[in-house]
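Worksheet: the structure to be examined is printed underneath.
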Amino acid sequence: ECFYEPKDEL
Amino acid sequence: MNIFRLAGDMTHLMSVIVLLLKIHTIKSCAGISLKTQELYALVFATRYLDIFTDFISLYNTIMKLIFLASSFSIVWYMRQHKIVRRSYDKDQDTFRHLFLILPCLLLALFINEKFTFKEVMWTFSLFLEAVAILPQLVLLQRTRNIDNLTGQYVFLLGAYRALYILNWIYRYFTEPHYVHWITWISGLVQTLLYADFFYYYFNSWKNNVKLQLPA
Numbered sequence: 064e065c066f067y068e069p070k071d072e073l
Numbered sequence: 016m017n018i019f020r021l022a023g024d025m026t027h028l029m030s031v032i033v034l035l036l037k038i039h040t041i042k043s044c045a046g047i048s049l050k051t052q053e054l055y056a057l058v059f060a061t062r063y064l065d066i067f068t069d070f071i072s073l074y075n076t077i078m079k080l081i082f083l084a085s086s087f088s089i090v091w092y093m094r095q096h097k098i099v100r101r102s103y104d105k106d107q108d109t110f111r112h113l114f115l116i117l118p119c120l121l122l123a124l125f126i127n128e129k130f131t132f133k134e135v136m137w138t139f140s141l142f143l144e145a146v147a148i149l150p151q152l153v154l155l156q157r158t159r160n161i162d163n164l165t166g167q168y169v170f171l172l173g174a175y176r177a178l179y180i181l182n183w184i185y186r187y188f189t190e191p192h193y194v195h196w197i198t199w200i201s202g203l204v205q206t207l208l209y210a211d212f213f214y215y216y217f218n219s220w221k222n223n224v225k226l227q228l229p230a
């Protein structure tokens, strides 16, 4: 499981 | 991408367009805080460090480029443009950048998701964005007479923040592992800073009178 998702918000 | 997030991004974009329109067509930046604009330029420069390393979507990259380009060009207009810069209320816009930048940097060094340069800078940008509107609010309070475009600019920025909160609530319930305390708390603080302005903005709108803040 990836808790470190890419930051997709601006 | 949910509807709140998209609407939030669009109001954010509209706020920038309203501001550029004011500066570009009326050739005036009266009532706009250069301090706030410089802080926003710093916010975007430190937040979007990943622009060339992590590809998320074309939408994401284009929006980042727009926010970077617009924030730096607004600063350029206010500082360098020979007509626009004359309308800048320099004597009223006295807020010190460092009072906001230093605490945010210190806080980001201690509170962050991971102690790396990129993460600390990202966290710093979130904290700084939360308070970057303060010089603008102080300037509004001082000048009191607010023209329509400046009022709309601040209103759109506040709306963007409010919509982002709805977006987080939506994502929290629809996406697994969607927990971002740092983003949420700084975003909430940022939105609360607009509460007072919103109150007067809606009152003036409801009563159909010109927006004026109390002394």
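Sequence order for the protein chains is Z and R. Mapping of the first sequence onto the numbering used here: residues 64 to 73, in sequence order. Mapping of the second sequence onto the numbering used here: residues 16 to 230, in sequence order. Beta carbons: idealized from backbone N, C-alpha and C, even for Gly. It should be emphasised that the depicted structure is a prediction, and the values quoted were computed from it without experimental measurement.
What is the C-beta distance between Ser201(R) and Phe114(R), in whole angstroms, given that I count them as a contact (C-beta under 8 Å)?
In fact, because the Cβ distance is near 17 Å, the residues do not count as touching under 8 Å.
Find the residues of chain Z that neighbour Met78(R), judging by a C-beta separation of less than 7 Å, and give them in chain order.
What Met78(R) touches in chain Z: Leu73.
For the stretch 63-75 of chain R, which residues have a beta carbon sitting closer than 8 Å to at least one beta carbon of chain Z?
Residues are counted here when their Cβ sits less than 8 Å from a Cβ of chain Z; for the stretch 63-75 of chain R these are Asp65, Asp69, Ile71, Ser72 and Asn75, given in chain order.
Taking 8 Å as the threshold, find out whether the stretch 175-184 of chain R comes into contact with the stretch 119-139 of chain R through three or more Cβ pairs.
They do not touch, by the three-pair rule.
Could you give the C-beta distance for Leu154(R) and Gln205(R), rounded to a whole number, given that I count them as a contact under 8 Å?
That pair is no contact at about 17 Å.
Which residue's Cα is closest to the Cα of Val194(R): Glu128(R), Val90(R) and Ile116(R)?
The residue with the shortest Cα to Cα distance from Val194(R) is Glu128(R).
Could you check which residue in Ile47(R), Tyr215(R), Thr198(R) and Leu80(R) has the C-alpha nearest to that of Leu28(R)?
Comparing Cα-Cα distances from Leu28(R) to each of Ile47(R), Tyr215(R), Thr198(R) and Leu80(R), the minimum goes to Leu80(R).
Run down chain Z in chain order and give the residues with a C-beta less than 9 Å from the C-beta of Phe82(R).
Neighbours of Phe82(R) in chain Z, taken as residues whose beta carbon is under 9 Å from its own, are Leu73 in chain order.
So, for Val99(R): in the same chain, excluding its five sequence neighbours on each side, which residues have a beta-carbon less than 8 Å away from its beta-carbon?
Ile38, Lys42, Ser43, Cys44, Tyr92 and Met93, listed in sequence order.
Where do the N-terminal and C-terminal ends of the alpha helix (DSSP H) with Leu152(R) fall, by residue?
Per DSSP, Leu152(R) belongs to the alpha helix (DSSP H) from Leu149 to Thr158.
Thinking C-alpha only, which one of Gln151(R), Gln156(R), Thr76(R) and Ile77(R) is nearest Leu54(R)?
Of Gln151(R), Gln156(R), Thr76(R) and Ile77(R), the residue nearest in Cα terms is Gln151(R).
Provide the residue span of the alpha helix (DSSP H) that contains Thr165(R), from first to last.
Asn163 to Thr189 is the extent of the alpha helix (DSSP H) around Thr165(R).
Return the first residue and the last residue of the alpha helix (DSSP H) that Pro69(Z) is part of.
No alpha helix (DSSP H) contains Pro69(Z), which DSSP labels as neither H nor E.
Have a look at Tyr209(R) and Ala145(R) and give me their C-alpha separation to the nearest angstrom.
A straight line joining the alpha-carbon of Tyr209(R) with that of Ala145(R) spans about 10 Å.
Could you tell me the alpha carbon to alpha carbon distance between Ala84(R) and Phe67(R), rounded to whole angstroms?
If you take the alpha carbons of Ala84(R) and Phe67(R), they lie about 15 Å apart.
Please state if the CB of Arg157(R) and the CB of Leu228(R) are separated by a distance shorter than 7 Å.
The answer is no: Cβ separation not under 7 Å.
Since Phe82(R) and Thr76(R) should fall inside the 8 Å C-beta cutoff, what is the C-beta to C-beta distance between them, to a whole number of angstroms?
Between Thr76(R) and Phe82(R) the Cβ distance is about 11 Å, and since that is not below 8 Å, they are no contact.
So if DSSP puts Gln227(R) in a beta bridge, which residue, or which two residues, is it bridged to?
DSSP output for Gln227(R) lists Asn160(R) as bridge partner(s).
Along the chain, where does the alpha helix (DSSP H) that runs through Lys14(R) open and close?
Lying outside 16 to 230, the shown extent of chain R, residue 14(R) is not represented and no answer is given.
Is the beta carbon of Val31(R) less than 7 Å from the beta carbon of Ala147(R)?
No.
Only counting the same chain, and skipping five residues up and downstream in sequence, which positions put a Cβ closer than 8 Å to that of Leu203(R)?
Within the same chain, Leu203(R) has close Cβ partners Ile180.
Just checking: is the beta-carbon of Ala177(R) within a distance shorter than 7 Å of some beta-carbon in chain C?
Note that chain C does not occur in the displayed structure, where the protein chains are Z and R.
So, Ala56(R) versus Ser102(R), is the Cβ gap smaller than 7 Å?
No, the pair does not count as a contact, with Cβ atoms beyond the cut-off.
Same chain, Cβ closer than 6 Å to Ala174(R), neighbours up to 5 away in sequence not counted:
Same-chain partners within the cutoff: Thr26.
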